[in-house]
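The opening position of the sequence shown corresponds to residue 10 in this note's numbering, with each subsequent residue numbered one higher.
See structure below.
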Amino acid sequence: MRRIMLKAKIQKLTVTETNLDYEGSLTLDESLMAAADMIPFEQVHVYNISNGERFLTYLIKGKKKSGVVGVNGAAAHKAKVGDKLIVASYISLEENEIDFFMPKIIIVEKNLKIIKIK
Numbered sequence: 010m011r012r013i014m015l016k017a018k019i020q021k022l023t024v025t026e027t028n029l030d031y032e033g034s035l036t037l038d039e040s041l042m043a044a045a046d047m048i049p050f051e052q053v054h055v056y057n058i059s060n061g062e063r064f065l066t067y068l069i070k071g072k073k074k075s076g077v078v079g080v081n082g083a084a085a086h087k088a089k090v091g092d093k094l095i096v097a098s099y100i101s102l103e104e105n106e107i108d109f110f111m112p113k114i115i116i117v118e119k120n121l122k123i124i125k126i127k
């Protein structure tokens, strides 16, 4: 049997821009994506801590060390600049892989500087 498990999450992200006219997705600083082992077009779950909204989308690589967290397309209705987000990705594992797998947990501070990797 396979189980869906947390692969990685980035906590305390701050939305830096929204763009309703974009076709959709979440733009994320390339350095944050690399730290969390996330790649462009990977499906992610976004949890808005500020207003309780949750949505599913995919990642677009933002400029490295830019600090960009952009919510685009229809999802721009679910967040505004300054909102706090958690971005999570998941993985499907076989039962025998679960004991050996640990998700990456990235915590950032206000300027999107990584302060902790668990």
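Every residue gets a Cβ at the ideal spot worked out from N, C-alpha and C, and that includes glycine.
Asked: Under 7 Å between C-beta atoms of Gln-20 and Ile-116; Found: yes
Asked: Where Ser-40 sits in the DSSP three-state scheme; Found: helix
Asked: Where Ile-58 falls: helix, strand or coil (DSSP); Found: coil
Asked: Beta bridge counterpart(s) of Val-53 as assigned by DSSP; Found: Thr-66
Asked: Range covered by the beta strand (DSSP E) that runs through Ile-100; Found: 93 to 103
Asked: Glu-26 - partner residues in DSSP beta bridges; Found: Gly-79
Asked: Enclosing beta strand (DSSP E) for Lys-127 [first to last residue]; Found: Careful: Lys-127 lies outside any beta strand (DSSP E) and carries neither H nor E.
Asked: Where the beta strand (DSSP E) containing Ile-114 begins and where it ends; Found: 113 to 117
Asked: Whole-angstrom distance between Leu-94 and Ala-44, CA atom to CA atom; Found: 17 Å
Asked: Straight-line gap, Glu-62 to Thr-27 (C-alpha atoms, nearest Å); Found: 15 Å
Asked: Inter-residue CB distance, Ala-88 and Asn-120 (contact presumed, cutoff 8 Å); Found: About 18 Å; that fails the 8 Å criterion.
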